[in-house]
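What follows is a set of notes on a single structure, which appears directly below.
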Amino acid sequence: MDKRRIWEGIRPYVLIAPAMAGILLFVMYPVGYLIYLSLFKYNLMNKDKSKFVGLDNFTQILGRGDFYKALWNTSVYTAGVVILTMLLSLLIAVWLNKKGRFNSVVQAGIFTPHVVSIVSISLVWLWLMEPNQGLLNYLLKLVGLPPSAWLQSSKTALISVIIVSVWQAIGYYTLIIVAALQSISPSIYEAAALDNASKFKVFYKITLPMISPQLFFILIIMTIGSFKVFDTVQVMTGGGPNNATTTLVYYIYGFRTTNIGYSAATGVVLMAIIGLLTFIYFRLLSKKVHYQ
Amino acid sequence: MKTFDLKIVWTALGYLLKAAVLMIFIFPFLWMISTSLQTFRETMTFPPTWIPASPQWGNFAEAMNAGPFLTYFRNSVVVTGSIIVLQFLIMIPAAYAFAKYKFRGKTLLFGMILLAFMIPGQVTFIPVYLMMADWGLVKTLLPQIIPFVSNAFGIFLLRQYFMQIPEEIIEAARLDNASEFKIIRKIMIPMSKPALATIALFSFVSHWNDYFWPLVMTDSAAVRPLTLGIAMLRETEGISNWHIIMAGNVILVVPILLVYLFCSKHIVKAFVYSGIK
């Protein structure tokens, strides 16, 4: 009987042990290790030759133009993707909100890019955006517009990457917003209709506040997701031309073998930025967001 | 009568506009397939070739011969399959404990899982790679598998689901002397099938498509997955051989598109659910 009591006491811990071990070993411990590495001039060939340098790597980061360039590119990319995706998916969601067969076909269609690998998407768009033989420039010429160098000019490369990311993301966020719109009780709209409220007013006073928790959620995950952008950049531009599309993660990736300590320090900065973003959003917006 | 006509015109316009929007998202894939069946000359002509004169099936063979694609394909299958199976073995008991037991430190431990959910691989990849190198695992598939066997999102989602299963059912089973293992197997799992399907589909799509993690964890062809092999086609085949690159791309995309075609409803639900909860 006593044995049984002991077993019941430790049973929960036994059941969660594998899961906790995985998280400790591959998330928590690496975070600590990352911070540790960021304080060293790390020697990959001979670990014993690694040198403790304190916060040197961090002072180096703050003094380097290429880091600010990467931070700037990431911020521009994030702002572009978040704003465009939010507006377009809200627009499409309101438009396709009514239940119907064709609407759900369109919704499933615009969601397709989201289930496909970013590698594939990047390759397809590289081909579409090819300056000489690509289809996009052909279409531009067809309607009498000048062709663009797209990914091959430092002026247009970042916006081209943004276009591809927005194109891929819209379907997912449209679906989330559609789900939110459909969860609003029709009786609220009926009440508004009795008051003869205009469509515009209904949208602003009822729809928008009602779906604000989901919009808030989208804002957070999209911002954090955009700050981690890497795959599109790696496949489409390799950070170029002229570092025009070097983002933070790409920057970290670039130093991962040549200067591990510095790379780790940049990783710590990225982690801090992501943490800060989450925190700020929760503090600022939790007051303004309508919760049922 | 006139207003009636106008209404038809509006509806037709609406359908047309919706079809146009749909095309923006579908056309790049059709273009990929068309290019994959063209000759090199056809890809270079102006105006572009919409439909190839005679489909060049040989492009696929050429793409497949550009690297050890059978190995890449096998690696993708083994990695994705192992992750899904191991995730379930670890996730189900953990979610059960967090949903149905009271124990000291529960809030703290669950908080750690939520925290882990927020920390991305783009932050932890350097230390994890060094750990794998220390353990001598870099030449195996394990660095692509074991960091994902503990799925924080899955535990979170499944726990929500388990909590909704009424306590009375479990108590009744216990009175019948059912073991906890039997309760999990006969009650919890059957009653949370939708959540389990959601997590499996989500894992399948995200790991089959993953590019960043295998890129930073592998340095030999023997352990590379399909995504890396296809991305490398540009280097091995030359950057202007678009018909070959697109043929390789079709090989990567079609399995996912087929799965999507047949269970788009479930996949869409899986993604939306993971977003809302």
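Note that the protein sequences, when read in sequence, are chains Y and U. Just so you know, we're using this note's numbering here: the first sequence kicks off at 1 and counts up by one. Just so you know, we're using this note's numbering here: the second sequence kicks off at 1001 and counts up by one. For each residue, glycine too, the CB sits at the ideal point set by N, CA and C. All values derive from a computational prediction rather than experimental measurement.
Within 10 Å of its beta-carbon, does residue i have 16 or more other beta-carbons around it, so buried, or fewer, so exposed?
i: residue 125/Y; result: buried
i: residue 198/Y; result: exposed
i: residue 1127/U; result: buried
i: residue 292/Y; result: In this prediction, residue 292/Y scores a pLDDT of 41, lower than 50, which makes its location untrustworthy; no coordinate-derived value is stated.
i: residue 1132/U; result: buried
i: residue 262/Y; result: buried
i: residue 182/Y; result: exposed
i: residue 1216/U; result: buried
i: residue 47/Y; result: exposed
i: residue 1092/U; result: buried
i: residue 72/Y; result: exposed
i: residue 368/Y; result: Look at the range of chain Y in this structure, 1 to 292, and you will see that residue 368/Y is not part of it.
i: residue 167/Y; result: buried
i: residue 68/Y; result: exposed
i: residue 1237/U; result: buried
i: residue 32/Y; result: exposed
i: residue 1277/U; result: Because residue 1277/U carries a pLDDT of 40, less than 50, the predicted location of this residue cannot be relied on, and no value is offered for it.
i: residue 231/Y; result: buried
Using the three-state DSSP reduction, which class does residue i fall into: helix, strand or coil?
i: residue 98/Y; result: coil
i: residue 1204/U; result: helix
i: residue 41/Y; result: strand
i: residue 52/Y; result: strand
i: residue 237/Y; result: coil
i: residue 145/Y; result: coil
i: residue 1277/U; result: Here the model assigns residue 1277/U a pLDDT of 40, short of 50, so the residue's position is not dependable, and the following value carries that caveat. Coil, per DSSP.
i: residue 1178/U; result: coil
i: residue 292/Y; result: In this predicted model, residue 292/Y has a pLDDT of only 41, less than 50, meaning its place in the structure is not dependable enough to derive any value.
i: residue 1135/U; result: coil
i: residue 131/Y; result: coil
i: residue 256/Y; result: coil
i: residue 72/Y; result: helix
i: residue 1212/U; result: helix
i: residue 195/Y; result: coil
i: residue 1266/U; result: helix
i: residue 64/Y; result: coil
i: residue 167/Y; result: helix
i: residue 1018/U; result: helix
Starting from residue i, trace the alpha helix (DSSP H) in both directions and tell me its first and last residue.
i: residue 1115/U; result: 1106-1118
i: residue 199/Y; result: 199-202
i: residue 1141/U; result: Note, residue 1141/U: premise wrong, no alpha helix (DSSP H); not H, not E.
i: residue 1087/U; result: 1069-1100
i: residue 11/Y; result: 2-23
i: residue 1065/U; result: 1058-1065
i: residue 1226/U; result: 1226-1237
i: residue 150/Y; result: That residue, residue 150/Y, is in no alpha helix (DSSP H); it is neither H nor E in DSSP.
Residues of chain U with a CB under 7 Å from the CB of residue i: which are they?
i: residue 15/Y; result: 1093, 1094, 1096 and 1097
i: residue 228/Y; result: 1120 and 1122
i: residue 260/Y; result: 1126
i: residue 249/Y; result: 1122
i: residue 111/Y; result: 1268
Which bits of chain U does residue i rub up against, with CB to CB less than 9 Å?
i: residue 133/Y; result: 1043, 1044, 1045, 1046, 1048, 1240 and 1242
i: residue 138/Y; result: 1046, 1047 and 1048
i: residue 256/Y; result: 1125, 1126, 1129 and 1216
i: residue 31/Y; result: 1119, 1123, 1124 and 1127
i: residue 204/Y; result: Going along chain U, no residue has its Cβ under 9 Å from residue 204/Y, so there is no contact; the nearest lies around 23 Å.
i: residue 37/Y; result: 1126, 1127 and 1130
Cβ closer than 7 Å: which chain Y residues qualify as neighbours of residue i?
i: residue 1018/U; result: 102 and 106
i: residue 1221/U; result: Neighbours of residue 1221/U on chain Y: none; closest Cβ ~16 Å, over 7 Å.
i: residue 1211/U; result: 117, 118, 119 and 231
i: residue 1149/U; result: 22
i: residue 1152/U; result: 23
i: residue 1231/U; result: 119 and 235
Given that residue i touches chain U, what residues does it touch there, using C-beta distances under 8 Å?
i: residue 125/Y; result: 1028
i: residue 76/Y; result: None at all; the shortest Cβ gap to chain U is about 18 Å.
Mind listing the chain Y neighbours of residue i? Cutoff is C-beta to C-beta under 8 Å, in chain order.
i: residue 1036/U; result: In chain order: nothing, as chain Y lies at least about 10 Å away.
i: residue 1021/U; result: 92, 106 and 110
Note down, in chain order, every chain Y residue with its Cβ under 9 Å from the Cβ of residue i.
i: residue 1188/U; result: The contacting residues do not exist; residue 1188/U stays about 12 Å from chain Y at best.
Contact list for the segment 1160-1174 of chain U against chain Y, Cβ threshold 8 Å: none
Under 7 Å (Cβ pairs) to chain Y, residues found in the segment 1104-1117 of chain U: 1109, 1112, 1113 and 1116
Members of the segment 268-280 of chain Y near chain U, C-beta cut-off 9 Å: 268, 270, 271, 274, 275 and 278
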